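S.K.: Take 1 as the starting number for the sequence shown in the numbering used here and just add one per residue. I have a structure I would like to understand better, so I am pasting it below and will then ask my questions one at a time.
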Amino acid sequence: MVGKVRPSAAVLIAMALALVAAACGSSSKNSSAGSNASTTTGTAATTTTCTGTQGSGGLALGGLMPQSGDLKVIYKALCTPVQMAVDEINAAGGVNGKPVSLVYADDGTSPDVASTSLNTLVTSDKVNAILGPASSTTALGIVDKIKTDGVVACSGSTTSSGLTQPGGAAGGFFFRTAPPDKLQGPALAQLILGDNKMKVAILTRNDSYGTGFGSALKGALTQGGATVVANDAYDPGSSDFHADVAKIVGKGADAVVVIGFNDDGAKVLKEMIAQNIGPKQVQIYTADGMQSSSLGKSVNPTNPGVVSGIKGTAPAAAPSGVTNPFSAKFAATKIDTIFSSYFYDCTNLIALAAQAAGSNDPAQIRDKMIEVSSGGEKCQNFADCSALLKDGKDIDYDGASGPVDLTSEHEPANGVYDVWQYDSKGGYANIPGVDQIKIGG
Numbered sequence: 001m002v003g004k005v006r007p008s009a010a011v012l013i014a015m016a017l018a019l020v021a022a023a024c025g026s027s028s029k030n031s032s033a034g035s036n037a038s039t040t041t042g043t044a045a046t047t048t049t050c051t052g053t054q055g056s057g058g059l060a061l062g063g064l065m066p067q068s069g070d071l072k073v074i075y076k077a078l079c080t081p082v083q084m085a086v087d088e089i090n091a092a093g094g095v096n097g098k099p100v101s102l103v104y105a106d107d108g109t110s111p112d113v114a115s116t117s118l119n120t121l122v123t124s125d126k127v128n129a130i131l132g133p134a135s136s137t138t139a140l141g142i143v144d145k146i147k148t149d150g151v152v153a154c155s156g157s158t159t160s161s162g163l164t165q166p167g168g169a170a171g172g173f174f175f176r177t178a179p180p181d182k183l184q185g186p187a188l189a190q191l192i193l194g195d196n197k198m199k200v201a202i203l204t205r206n207d208s209y210g211t212g213f214g215s216a217l218k219g220a221l222t223q224g225g226a227t228v229v230a231n232d233a234y235d236p237g238s239s240d241f242h243a244d245v246a247k248i249v250g251k252g253a254d255a256v257v258v259i260g261f262n263d264d265g266a267k268v269l270k271e272m273i274a275q276n277i278g279p280k281q282v283q284i285y286t287a288d289g290m291q292s293s294s295l296g297k298s299v300n301p302t303n304p305g306v307v308s309g310i311k312g313t314a315p316a317a318a319p320s321g322v323t324n325p326f327s328a329k330f331a332a333t334k335i336d337t338i339f340s341s342y343f344y345d346c347t348n349l350i351a352l353a354a355q356a357a358g359s360n361d362p363a364q365i366r367d368k369m370i371e372v373s374s375g376g377e378k379c380q381n382f383a384d385c386s387a388l389l390k391d392g393k394d395i396d397y398d399g400a401s402g403p404v405d406l407t408s409e410h411e412p413a414n415g416v417y418d419v420w421q422y423d424s425k426g427g428y429a430n431i432p433g434v435d436q437i438k439i440g441g
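Written out as structure tokens, the structure reads:
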């Protein structure tokens, strides 16, 4: 679903890049299956399930993901690609000659729940590395514990710029494959400005994800000549959003941006509709945290199409130019694709780092993560990359999310974003004729 860029896009990209240069995060390239396909249900049509994989004496992985909490609606989108990757790794002979084991635990979209689960994964399950957690706030809440426990963590969905740290967060044990919000802010601004919206109200979750995203977005919009008429944050745990929405009513906005997760975002949208500032009255924009086939039903169970017309950006599940079998294989599951390729790549990177190190020791895996992501002979899957390593060659893993190329801050330097929209049935799809947005070097 790739079309021609509007005439003004080059100017907008230049503005975004100028902003990024002052601050700066994944990659580019895409599957022949196209970018993020329409996903109107979250029902899987595949035999791949997140049941874990038994193993003994080999690399042990833990999936620390939201089985509960605000992000539970995307759990299958995160755990399924990890399961698929582990199955492929074991089919290729495993890591260091032994099968990889995998066990899942709930991060609860909460630092407290995630901390308890991490304890179990490290002490009882004896994992060497974890995939997750899902949210930035959860990650920031357990980052010190990850460092203390000395376990490698790779998340495919944490995007807060608060996790951008010299040498990587958690004493270098934390990595991420999804591009940070300092890149998605300018990407969403490009979409808004391209629609000629020049008076914008911003309403975000009051956490590291929401306020960080809002700050990057405001800067890019202002740089592009727009006026931000309101920039407020709400308590995602609140049960009443009347006062929060009232702050943006009457501001004369021709666009409203809501940055939240499925559950709290749905409550905000419901209140916006009640105050006559919903999708029928004003153009609404959002981002990855509210990209879910469940959002419409959460707003109005009897009329999920109430979210029709809302536009957004999200890290591209299949960046333009990338050809990787994972895209078509995952599309067949009929599960929401949000962040799927990024978790798939996290899993392969950890396994390849362990293979390159010849060890399952977390510290040695940590020290090989950047090395296997760039600078060597290119390869796209564990089997091919592992074969090169066994031949004594350096590798450059280019995954389903594109060329990962992790920086010294343990994150991508570039971002490619899908531009999508909700339809009259509450499903979402990339907007026909609109290119993915690329931000970064």
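Just so you know, even glycine gets a beta-carbon here, dropped at the ideal spot from N, CA and C. Remember, it's a predicted structure, so these values are computed and weren't measured experimentally.
Bridge partners of SER101, per DSSP?
M.R.: In the DSSP output, where bridge partners are listed per residue, SER101 has ALA60.
S.K.: Just checking, does the stretch 147-156 make contact with the stretch 326-336 on the three C-beta pairs under 8 Å criterion?
M.R.: As far as the Cβ criterion goes, the stretch 147-156 does not touch the stretch 326-336, which means the pair count is below three.
S.K.: Residues in the same chain with beta-carbon distance under 8 Å from THR164, minus the five sequence neighbours each way, listed in chain order, please.
M.R.: GLY25, PRO180, LYS182, GLU409, GLU411, listed in sequence order.
S.K.: Using CA atoms only, rank isn't needed, just tell me which of ALA187, ASP384, ARG366 is closest to TYR417.
M.R.: TYR417 has its Cα closest to that of ALA187, out of ALA187, ASP384, ARG366.
S.K.: If you compare alpha carbons, which of ILE431, ARG205, ALA226, ALA351 is closest to LYS199?
M.R.: Closest option to LYS199, Cα to Cα, is ALA226.
S.K.: Tell me which same chain residues have a C-beta within less than 8 Å of the C-beta of VAL127, skipping the five on either side of it?
M.R.: So the list reads ALA60, LEU61, GLY62, VAL103, LEU121, VAL151, once near-sequence residues are dropped.
S.K.: Leaving out five residues before and five after VAL299 in sequence, what residues of the same chain have Cβ atoms less than 8 Å from its Cβ?
M.R.: The answer, listed in chain order, is ALA266, LEU269, LYS270, ILE273, VAL306, VAL307.
S.K.: Which runs of the beta strand (DSSP E) fall wholly inside the stretch 263-350 and span at least 3 residues, in chain order?
M.R.: Runs of the beta strand (DSSP E) inside the stretch 263-350: 283-286, 311-315.
S.K.: At a cut of 8 Å, does the stretch 255-262 reach the stretch 207-220 through at least three beta carbon pairs?
M.R.: As far as the Cβ criterion goes, the stretch 255-262 touches the stretch 207-220, which means the pair count is three or higher.
S.K.: How many Å lie between LEU388 and HIS242 at the Cα?
M.R.: So the two alpha carbons sit approximately 58 Å from each other.
S.K.: Below 8 Å on the Cβ atoms is my contact criterion, and I expect ILE89 with VAL95 to pass it. Report the Cβ-Cβ distance as a whole number of Å.
M.R.: Right, the Cβ-Cβ distance comes to about 7 Å (below 8 Å), so this counts as a contact.
S.K.: Based on DSSP bridge pairs, tell me the residues matched to PRO403.
M.R.: ASP398.
S.K.: Would you report the Cα separation of SER340 and ILE74, rounded to the nearest angstrom?
M.R.: Rounded to the nearest angstrom, the two C-alpha atoms are 10 Å apart.
S.K.: With respect to the alpha helix (DSSP H) encompassing ASP232, which residues constitute its N-terminal and C-terminal limits?
M.R.: No alpha helix (DSSP H) holds ASP232; the beta strand (DSSP E) holding it covers 227-234.
S.K.: Between the Cα of GLY309 and the Cα atoms of THR159, ASP423, ALA134, PHE174, which residue gives the shortest distance?
M.R.: Nearest option by C-alpha distance: ASP423.
S.K.: Considering only DSSP beta bridges, list what LYS438 is partnered with.
M.R.: VAL416, per the DSSP bridge assignment.
S.K.: Classify ILE248 as helix, strand or coil using the three-state DSSP reduction.
M.R.: Residue state, collapsed to three classes: coil.
S.K.: Leaving out five residues before and five after LYS145 in sequence, what residues of the same chain have Cβ atoms less than 7 Å from its Cβ?
M.R.: Closer than 7 Å at the Cβ level, and outside the excluded window around LYS145, lie SER115, LEU118.
S.K.: Is the separation between the beta-carbon of TYR342 and that of GLY312 shorter than 9 Å?
M.R.: No, the Cβ-Cβ distance between TYR342 and GLY312 is not below 9 Å.
S.K.: On the criterion of 16 or more Cβ atoms from any shown chain inside 10 Å, does ASP405 qualify as buried, or is it exposed?
M.R.: The residue in question, ASP405, is buried, as its Cβ has 16 or more Cβ neighbours within 10 Å.
S.K.: Mind checking whether LEU131 and MET65 have CB atoms under 9 Å apart?
M.R.: Yes, the pair counts as a contact, with Cβ atoms nearer than the cut-off.
S.K.: Rounded to whole angstroms, how far is the Cβ of GLN468 from the Cβ of TRP420, which I believe are closer than 8 Å?
M.R.: The shown model of the chain, from 1 to 441, leaves out residue 468, and the question about it has no answer.
S.K.: Should GLN436 go down as buried or exposed, given a rule of 16 or more other Cβ atoms within 10 Å for buried?
M.R.: Counting Cβ neighbours within 10 Å, GLN436 comes out buried, since at least 16 surround it.
S.K.: Would you mind reading off the limits of the beta strand (DSSP E) that contains LEU203?
M.R.: Note, LEU203: beta strand (DSSP E), 199-205.
S.K.: For LEU191, which of ASN414, LYS425, LEU221 has the nearest alpha-carbon?
M.R.: Of the listed residues, the one whose Cα sits closest to LEU191 is LEU221.
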